[in-house]
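*Asks:* Attaching a single structure in structure tokens format; questions to follow.
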Amino acid sequence: MKIWVCVLMAWSLPSLASVQAPLFPEDGSQRINSWFYSKYEVEKSYSEPDSFEAVKRAFAKHAVKVVGVDKKFDWLQDILFFDQRGNHLVLKDPGHGESFYGGLTGGVFSYEGPGYFDLKMFRAKDMPFKFVNSIPLKYSLFEGGGLISGKFKNSEDYVIVTHDRFQSVKYFIESQLQREISFQEAKEIVAKDLKLFAKNLFVLPSKVSGRHLDLYIKALPGGVLLIDRDEDEKQDFLESLYTETKDQSLLSFLEYYRTKRDHFYNFSLPIAVEFLSEHFEIHRLYGEFRNIERISGYARVAKNINFFNGVSGVDPYGKSFYITNRAEASKILESQFSNALSAFGFEESNIHYVGRYYLGGAGIDCLGVPSPLKFN
């Protein structure tokens, strides 16, 4: 009789894979087995011969299977989420135009309906592999670019989100509960939805802009965050590097930093760094650069280099790898970034500058999503 009871209990319990786990960490603390990308976006943006093949080769070197999604999506990073068991976490569909809740996303929407924006969702039916289990989230509508996930040294999971996106989700929760809730209650509800402790859900201060976090922050295992430098520091760095090397490719970058300053770096970034420093191990690197480009005699500001918007992990051979974007405008800056990464255990041969960089700030991290799913 006892044997039958055990059998019945085992039969009635859900499989481990179907039970939701915390978000798959972006810091490389868990083995990346596959990387999903949008074929649609690659066809638009990787037109040069062999350019995306270089991306595939970089992932293949570290035993990561590159998986293309045929659906017409742009940035999978923003709309496709996996948990640590490989479940597809389906973002909550608000059922209204996103503007109804004060703007749920910074850029992931498509124009539908009479004068409002709707979220472009990656639903369960969009998952091309039947063996992947989809679990709907109850309240969470965050986009991946505005969210950083990882693990602390004690293995507790954490999530960092921008204030404006969190505030929008709070409005949505209030509309569902039909009552006002406090900021702390909203944190507790969202943390429960994402399977983490509320104390490990970090919402940046309201004075920090809603700029996507993955454009200036890269998480590494153990609560380490690599964060971009201030613009005054970048000018000093470039001046010194040019004096030392006389590399002519640096002049267009110096032209920008000698004459201009971005409001985000002057105002928002120091606030974000101060807040995050209370909870994380912060290291400031030179990883995002702007320059002055001249096209047909006209000058324009271009964000031509971003090394933070990349993918990192540890392969089956125990090697740490970092796959990020090319620095076509100044190759010497790739070498400088590799030197900085060496302090975190990355060997030069396992740092790959293969992604295409987009003028709007996005790179290879925005293009795809790492996952624990294994493919033969």
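With my numbering applied, the sequence shown corresponds to residues 1384 to 1759, in that order. By construction, the Cβ of each residue, glycine as well, lies at the ideal position given by its N, Cα and C atoms. Bear in mind that the values here come from a model prediction, so they are computed numbers and not experimental data.
(1) Quick one, which of Ile1734, Asp1540, Gln1567 has its alpha-carbon nearest Asn1722's?
(2) For Asn1766 versus Asn1687, is the C-beta distance shorter than 8 angstroms?
(3) For Arg1468, name the three-state secondary structure that DSSP assigns.
(4) Going straight from the alpha carbon of Ile1600 to that of Leu1652, what length do you get?
(5) Rounded to whole angstroms, what's the CA-CA distance from Ser1401 to Phe1729? Just pull it up for me.
(6) In terms of residues, what are the limits of the alpha helix (DSSP H) holding Ala1685?
(7) Since Leu1530 sits in a beta bridge, which residues does DSSP pair it with?
(8) For Pro1405, which residues of its own chain have a beta-carbon under 7 angstroms away from its beta-carbon, when the five flanking residues on both sides are left out?
(9) Taking the alpha-carbon of Tyr1420 as reference, which of Ser1412, Val1450, Val1573 has the nearest alpha-carbon?
(10) Can you tell me which of the three DSSP states Pro1653 falls into?
(11) Taking DSSP's pairing of strands, which residues face Lys1448 in a bridge?
(12) Return the residue from the list Lys1444, Ser1428, Ser1430, Lys1427 that minimises the CA-CA distance to Tyr1700.
(13) So the candidates are Ala1569, Ile1556, Gln1559, Asp1476; which of them puts its Cα closest to the Cα of Ile1518?
(14) So if DSSP puts Ile1678 in a beta bridge, which residue, or which two residues, is it bridged to?
(15) Helix, strand or coil for Leu1549, going by three-state DSSP, please let me know.
(16) In terms of residues, what are the limits of the beta strand (DSSP E) holding Arg1772?
(17) Counting only C-beta atoms, is Phe1663 closer than 8 angstroms to chain B at any point?
(18) Along the chain, where does the alpha helix (DSSP H) that runs through Ala1723 open and close?
(19) Over the uninterrupted alpha helix (DSSP H) stretch that includes Tyr1574, give me the two end residues.
(20) Report the partner residues of Glu1671 according to the DSSP bridge assignment.
(21) By how many angstroms is the C-alpha of Phe1549 removed from the C-alpha of Phe1525?
(22) When you compare only the Cα positions, how much space is there between Pro1397 and Asn1516?
(23) Taking only three categories from DSSP, how would you classify Val1752?
(24) Alpha carbon to alpha carbon, how far is Lys1439 from Phe1647? Give it in angstroms, no decimals.
(25) If you draw a straight line from the alpha carbon of Tyr1494 to that of Lys1503, how long is it in whole angstroms?
(26) Is it true that the CB of Val1694 sits closer than 8 angstroms to the CB of Pro1755?
(27) Please report the distance separating the alpha-carbon of Ala1581 from that of Arg1739.
(28) Name the two residues that bound the continuous beta strand (DSSP E) containing Asp1611.
(29) Helix, strand or coil: which one does DSSP assign to Tyr1499?
(30) Please state the DSSP three-state secondary structure of Val1737.
(31) What does the alpha-carbon distance come out to for the pair Asn1470 and Met1510?
(32) Is Tyr1535 helix, strand or coil by DSSP?
(33) On a Cα-Cα basis, can you pick out the residue from Phe1720, Ile1706, Ile1543, Ala1712 that is closest to Ile1415?
(34) Pop quiz: Leu1520 and Gly1751 are said to be a contact at Cβ under 8 angstroms. What is the actual Cβ separation, rounded to whole angstroms?
(35) Val1737 and Ala1437 look like a contact to me (Cβ under 8 angstroms); what is the Cβ gap, rounded to whole Å?
(36) Please report how far the alpha carbon of Phe1690 lies from the alpha carbon of Phe1758, in whole angstroms.
*Replies:* With the given structure in hand:
(1) In the sequence shown, the residue the question calls residue 1722 occupies position 339. Cα-wise, what sits closest to Asn1722 is Ile1734.
(2) No answer is possible for residue 1766: the residues shown for the chain start at 1384 and end at 1759.
(3) Here residue 1468 refers to the residue found at position 85 when the sequence shown is read from its first residue. Note: Arg1468 maps to coil in three-state DSSP.
(4) In the sequence shown, the residue the question calls residue 1600 occupies position 217. In the sequence shown, the residue the question calls residue 1652 occupies position 269. Their backbone Cα atoms lie some 10 angstroms apart in a straight line.
(5) Walking along the sequence shown from the start, residue 1401 turns up at place 18. Walking along the sequence shown from the start, residue 1729 turns up at place 346. Their Cα atoms are separated by approximately 35 angstroms.
(6) Here residue 1685 is taken as the residue at index 302 of the sequence shown, counted from 1. From DSSP, Ala1685 is part of no alpha helix (DSSP H) but of the beta strand (DSSP E) over 1681-1689.
(7) By 1-based counting over the sequence shown, the position of residue 1530 is 147. Residue pairing by DSSP puts Leu1530 in a beta bridge opposite Val1544.
(8) Position 22 of the sequence shown, counted from the first residue, corresponds to residue 1405. Within the same chain, Pro1405 has close Cβ partners Asp1466, Gln1467, Asp1540, Leu1577, Lys1578, Leu1579.
(9) Stepping through the sequence shown from its first residue, residue 1420 is reached at position 37. Ranking the options by Cα distance to Tyr1420, first place goes to Val1450.
(10) Within the sequence shown, the letter at position 270 stands for residue 1653. Looking at Pro1653 - three-state DSSP - the assignment turns out to be helix.
(11) Counted from its first residue, the sequence shown places residue 1448 at position 65. Lys1448 pairs with Ser1417.
(12) Your numbering for residue 1700 matches position 317 in the sequence shown. Comparing Cα-Cα distances from Tyr1700 to each of Lys1444, Ser1428, Ser1430, Lys1427, the minimum goes to Lys1444.
(13) Numbered from 1 along the sequence shown, position 135 holds the residue referred to as residue 1518. When only C-alpha atoms are compared, the closest one is Asp1476.
(14) Counted from its first residue, the sequence shown places residue 1678 at position 295. The partner list for Ile1678 (beta bridge, DSSP) reads Tyr1681.
(15) Taking the sequence shown and counting its residues from 1, one reaches residue 1549 at position 166. Note on residue identity: the sequence assigns Phe, not Leu, to residue 1549. In this structure, Phe1549 counts as helix in the three-state DSSP scheme.
(16) As displayed, the chain neither begins before 1384 nor continues past 1759, which places residue 1772 out of reach and without an answer.
(17) Absence of chain B from the displayed structure is noted, only one protein chain being present.
(18) Translated into positions along the sequence shown, residue 1723 becomes position 340. Start and end: 1715-1724.
(19) Taking the first residue of the sequence shown as 1, we reach residue 1574 at position 191. In the sequence as presented, Tyr is not what sits at residue 1574; that position holds Ala. Segment 1566-1577, the alpha helix (DSSP H) holding Ala1574.
(20) Along the sequence shown, one-based indexing puts residue 1671 at 288. For Glu1671, which the question treats as bridged, DSSP gives the partners Asn1689.
(21) Here the question's residue 1525 lines up with position 142 in the sequence shown. Here the question's residue 1549 lines up with position 166 in the sequence shown. Rounded to whole angstroms, Phe1525 to Phe1549 spans 8 angstroms at the Cα level.
(22) Position 14 of the sequence shown, counted from the first residue, corresponds to residue 1397. Position 133 of the sequence shown, counted from the first residue, corresponds to residue 1516. The predicted model places Pro1397 with a pLDDT of 45, which falls under 50 and marks its position as unreliable, so this point remains unresolved.
(23) Looking up residue 1752 in the sequence shown gives position 369. If DSSP states are grouped into helix, strand and coil, Val1752 belongs with the strands.
(24) Reading the sequence shown from its first residue, position 264 is the one you call residue 1647. Reading the sequence shown from its first residue, position 56 is the one you call residue 1439. Looking at the two C-alpha atoms, the distance is approximately 34 angstroms.
(25) Residue mapping note: residue 1494 aligns to position 111 of the sequence shown, counting from 1. Residue mapping note: residue 1503 aligns to position 120 of the sequence shown, counting from 1. Here Tyr1494 scores only 47 on pLDDT, less than 50, and its place in the model is too uncertain to base an answer on.
(26) What you label residue 1755 is simply residue 372 of the sequence shown in a count that begins at 1. What you label residue 1694 is simply residue 311 of the sequence shown in a count that begins at 1. Using a Cβ distance threshold of 8 angstroms, Pro1755 and Val1694 do not count as a contacting pair.
(27) Indexing the sequence shown from 1 puts residue 1581 at position 198. Indexing the sequence shown from 1 puts residue 1739 at position 356. About 36 angstroms.
(28) Taking the first residue of the sequence shown as position 1, residue 1611 is located at position 228. Per DSSP, Asp1611 belongs to the beta strand (DSSP E) from 1607-1611.
(29) As a first step, residue 1499 is located in the sequence shown; it is residue number 116 there, counting from the start. Summary for Tyr1499: the model assigns pLDDT 46, below 50, so the residue's position carries little reliability, and this model does not support an answer.
(30) Within the sequence shown, numbered from 1, the residue matching residue 1737 stands at position 354. DSSP places Val1737 in strand when its eight states are reduced to three.
(31) Locating residue 1470 in the sequence shown gives position 87, counting from the first residue. Locating residue 1510 in the sequence shown gives position 127, counting from the first residue. Rounded to the nearest angstrom, the two C-alpha atoms are 11 angstroms apart.
(32) Sequence index remark: in the sequence shown, residue 1535 carries index 152 (1-based). Note on identity: in this sequence residue 1535 is Phe, with Tyr being the wrong assignment. For Phe1535, the three-state secondary structure derived from DSSP is strand.
(33) As a position in the sequence shown, residue 1415 is number 32, starting the count at 1. Residue nearest to Ile1415 within the set Phe1720, Ile1706, Ile1543, Ala1712 is Ile1706 (criterion: CA-CA distance).
(34) Taking the first residue of the sequence shown as position 1, residue 1520 is located at position 137. Taking the first residue of the sequence shown as position 1, residue 1751 is located at position 368. At roughly 21 angstroms, the Cβ-Cβ gap does not stay under 8 angstroms, so Leu1520 and Gly1751 are not in contact.
(35) What you label residue 1737 is simply residue 354 of the sequence shown in a count that begins at 1. What you label residue 1437 is simply residue 54 of the sequence shown in a count that begins at 1. Val1737 to Ala1437, Cβ: 4 angstroms. Contact.
(36) Taking the first residue of the sequence shown as position 1, residue 1690 is located at position 307. Taking the first residue of the sequence shown as position 1, residue 1758 is located at position 375. Approximately 28 angstroms between the Cα atoms of the pair.
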